[in-house]
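Participant:
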Amino acid sequence: MCDQTGSVPIDFDDFISTLRKYEWIFNFPVTDLLTSKVLENVTHEWRSLLLNLSSSALNKLAAKDSSQMDDIPHILTNFVEECKRLSFNLGHEVPPTNATKLRLKGVSEKKCMEISMLSSRIDSECKKLGVNHIVDLGCGVGYLAHILNEKLGYTVLGLELQDSLVQTASSRSNSGVRFKQIEVRVGEDGNSKVEEVITEWLADTNGTKACLIGLHTCGDLAASTLRLFASSSFLSSLVFMPCCFHKLEVKNETAYAESFALFPLSEKLKKAVSKYNGKTFLRRPLLRLAAQMSAHKWGHMTEQEHKQHSMHVLCRAAVQLFAIDNRLQLLKVKRKALRKGALKLSEDELVDDMMARFELKDTQGNTCNMKEAAEGVKCIVHQNLGNLQLIEGLTALQCCLQEPADCLMFSDMQQFLTEHDLHLNRVELMWDETLSPRSHAIIATRNHTS
Numbered sequence: 041m042c043d044q045t046g047s048v049p050i051d052f053d054d055f056i057s058t059l060r061k062y063e064w065i066f067n068f069p070v071t072d073l074l075t076s077k078v079l080e081n082v083t084h085e086w087r088s089l090l091l092n093l094s095s096s097a098l099n100k101l102a103a104k105d106s107s108q109m110d111d112i113p114h115i116l117t118n119f120v121e122e123c124k125r126l127s128f129n130l131g132h133e134v135p136p137t138n139a140t141k142l143r144l145k146g147v148s149e150k151k152c153m154e155i156s157m158l159s160s161r162i163d164s165e166c167k168k169l170g171v172n173h174i175v176d177l178g179c180g181v182g183y184l185a186h187i188l189n190e191k192l193g194y195t196v197l198g199l200e201l202q203d204s205l206v207q208t209a210s211s212r213s214n215s216g217v218r219f220k221q222i223e224v225r226v227g228e229d230g231n232s233k234v235e236e237v238i239t240e241w242l243a244d245t246n247g248t249k250a251c252l253i254g255l256h257t258c259g260d261l262a263a264s265t266l267r268l269f270a271s272s273s274f275l276s277s278l279v280f281m282p283c284c285f286h287k288l289e290v291k292n293e294t295a296y297a298e299s300f301a302l303f304p305l306s307e308k309l310k311k312a313v314s315k316y317n318g319k320t321f322l323r324r325p326l327l328r329l330a331a332q333m334s335a336h337k338w339g340h341m342t343e344q345e346h347k348q349h350s351m352h353v354l355c356r357a358a359v360q361l362f363a364i365d366n367r368l369q370l371l372k373v374k375r376k377a378l379r380k381g382a383l384k385l386s387e388d389e390l391v392d393d394m395m396a397r398f399e400l401k402d403t404q405g406n407t408c409n410m411k412e413a414a415e416g417v418k419c420i421v422h423q424n425l426g427n428l429q430l431i432e433g434l435t436a437l438q439c440c441l442q443e444p445a446d447c448l449m450f451s452d453m454q455q456f457l458t459e460h461d462l463h464l465n466r467v468e469l470m471w472d473e474t475l476s477p478r479s480h481a482i483i484a485t486r487n488h489t490s
């Protein structure tokens, strides 16, 4: 079980061995569903079970609720119980907050709510420790930094990699907020240019300690945030929200294994990964699963929505299979393979719509006739229409594993802090998961003796 306070030892052997047992559910890119013959490799027992689940049962399965599902085989109830065991023990109640509703020009209501609730939580932590200075890593255009300064009175330093975002943030800043363009990357020894920048800023602003924060610390930035906090005695507290785990930098990669530059972080998880050859299944598909929305939204889908979802998955996998079978290079011409509203189309219309968002090139670099290619993709789709229920059942199993995968990432970070004598750390729910799937933060306080 993922421990919210960091006080109970985390059993990574249990985590990794369980994930290895169920790697057939997640250890592949969803686009390779057909090319890797994932559906063909589902055992007869699981196939029979998944093909007979109703939409209601799929929703309950995704929510890890097998209590009201009739005549469920032991393999499924055991699977659900194992997923529960490895999931967060945080409940679904958001801690009390003094957050007020914000309205920021050009910012969505969802983003405004996130900024308001996180700034309130940061304010609470800083007041406990008498901290007046805040460092915002990956600050973007500085919305959170400005609120912390203008509404709550903190002196803030915003650090951001993209110079264009820094310029935008700086254009509306006042004397209490400073923004700087810098790559936030901290080595294993904790040394980085970031520490020097922060100490100079503290000296310039008459500060002695600061709180380190981050609203969306994507990929490697989360690891650098933890390393920076662990190595910098002037950082008294930490409040940050890790996300986009699938964007972690890959260090080594083969057809069947991946290792990452900054994952695992903790020595304890590194040992478990080595023991169970985790590099063969702790790959980007699992990290992407950890970063996906929770089962809450998926578990409320109607029967029609389930059919639409499985059809989308099948069509995208069919595009991939057609490209591989014909030795063609598949290139995106649109960011997403599916436009809003396309899910309501028929299977042939959906293929046509999807193919318009791609380009296919042969080995000589010539662009293929996409209309002819679409007909080939449609043939693959029609041949696999009998697999729609199986696809949706497999997705439900993945939903069950989403929270354990997410918990593994957070547990590794908590363990890293504990190994650096930063025992006062916890995972906390910042807002309801219906607002945003990325709703958990790591909050840590430096021990007085650290």
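Residues in the sequence shown are numbered from 41 upward in steps of one, following this note's numbering.
Where is the CB? At the ideal position from N, CA and C, for every residue including glycine.
(1) Just to confirm the assignment: which complete alpha helix (DSSP H) runs, minimum length 4, are found wholly within the segment 65-135?
(2) What is the DSSP secondary structure of THR320, reduced to helix, strand or coil?
(3) Based on Cα-Cα distance, which residue from LEU288, THR474, ALA250 lies nearest to MET449?
(4) Kindly indicate which three-state DSSP category GLU165 falls into: helix, strand or coil?
(5) Report back the beta-carbon spacing between CYS445 and ALA312 to the nearest angstrom; my notes put them in contact at under 8 Å.
(6) State yes or no: is the C-beta of LEU469 within less than 8 Å of the C-beta of THR485?
(7) Mind listing, in chain order, the continuous beta strand (DSSP E) runs of no fewer than 3 residues lying wholly within the segment 217-305?
(8) Could you check if ASP244 is buried or exposed, using at least 16 other CB atoms within 10 Å of its CB as the buried criterion?
(9) Would you call the CB atoms of THR265 and LEU177 closer than 8 Å?
(10) Kindly indicate the opening and closing residues of the alpha helix (DSSP H) around VAL313.
(11) Using the three-state DSSP reduction, which class does ARG397 fall into: helix, strand or coil?
(12) With DSSP as the reference, please indicate the residues paired to ALA484 in a beta bridge.
(13) Going by DSSP, which residues form a beta bridge with ASP446?
(14) Tell me whether the segment 413-429 and the segment 350-366 touch, counting them as touching only if at least three CB pairs, one residue from each stretch, are closer than 8 Å.
(15) Since HIS480 contacts MET281 with CB under 8 Å, what's their CB separation in whole angstroms?
(16) Using the rule of at least 16 other Cβ atoms within 10 Å of the residue's Cβ for burial, across every protein chain shown, is ALA209 buried or exposed?
(17) Helix, strand or coil for MET470? Go by DSSP, reduced to three states.
(18) CYS123 to ASP51, Cα distance in whole Å?
(19) Could you spell out the range, first to last residue, of the beta strand (DSSP E) harbouring GLN369?
(20) Let me check one thing: in DSSP terms, what residues is GLY198 bridge-paired to?
(21) Just to confirm, are SER127 and GLU443 a CB contact at a threshold of 8 Å?
(22) Kindly give me the distance between the Cβ atoms of ALA250 and PHE274, rounded to whole angstroms, as I take these residues to be in contact under 8 Å.
(23) Could you pull the start and end residues of the alpha helix (DSSP H) that SER210 belongs to?
(24) For THR407, which beta-bridge partners are listed by DSSP?
(25) Please list, in chain order, all residues of the same chain as GLY180 whose beta carbon is under 6 Å from its beta carbon, the five residues on each side excluded.
(26) Kindly indicate the opening and closing residues of the alpha helix (DSSP H) around LYS479.
(27) Taking one C-beta from the segment 416-431 and one from the segment 69-88 each time, how about it: are there three or more such pairs within less than 8 Å?
(28) Secondary structure at LEU441, three-state DSSP: helix, strand or coil?
Facilitator: In this structure, then:
(1) With a minimum length of 4 residues, the continuous alpha helix (DSSP H) runs that stay inside the segment 65-135 are 84-91, 95-102, 114-125.
(2) Here THR320 sits in helix by DSSP.
(3) When only C-alpha atoms are compared, the closest one is LEU288.
(4) Helix, per DSSP.
(5) At residue 445 the sequence reads Ala, which differs from the Cys that was named. Approximately 15 Å separates the beta-carbon atoms of ALA445 and ALA312; this is outside 8 Å, ruling out the contact.
(6) Taking 8 Å as the Cβ cut-off, LEU469 and THR485 do not qualify as a contacting pair.
(7) Counting whole runs of 3 or more residues, the segment 217-305 contains the beta strand (DSSP E) stretches 217-221, 250-258, 275-283, 290-293, 298-300.
(8) With fewer than 16 other Cβ atoms within 10 Å, it is exposed.
(9) If you check the CB distance, THR265 and LEU177 come in under 8 Å.
(10) That run of the alpha helix (DSSP H) goes 307-315.
(11) Under the three-state reduction of DSSP output, ARG397 falls in the coil class, being neither helix nor strand.
(12) DSSP output for ALA484 lists LEU278, ASN465 as bridge partner(s).
(13) Assignment of beta-bridge partners to ASP446 by DSSP yields no partner.
(14) Yes: at least three Cβ pairs fall under 8 Å.
(15) In this structure, HIS480 and MET281 form a Cβ contact; the two beta carbons are roughly 7 Å apart against a cut-off of 8 Å.
(16) Note on ALA209: 16 or more other CB atoms within 10 angstroms of its CB, so buried under the neighbour-count rule.
(17) Coil at MET470, not helix or strand.
(18) Between the alpha carbons of CYS123 and ASP51 lies a distance of about 14 Å.
(19) It spans 369-372 - the beta strand (DSSP E) in which GLN369 sits, taken as one unbroken run.
(20) Paired residues: ASP176, PHE219.
(21) In this structure, GLU443 lies closer than 8 Å to SER127 by Cβ.
(22) ALA250 to PHE274, Cβ: 6 Å. Contact.
(23) Here the alpha helix (DSSP H) through SER210 covers 203-210.
(24) DSSP lists LYS401 as partners of THR407.
(25) Cβ neighbours of GLY180 beyond the five flanking positions: LEU205.
(26) Sequence check: residue 479 is Ser here, not Lys. Per DSSP, SER479 belongs to no alpha helix (DSSP H) and is neither H nor E.
(27) Verdict: yes, contact present.
(28) If DSSP states are grouped into helix, strand and coil, LEU441 belongs with the helices.
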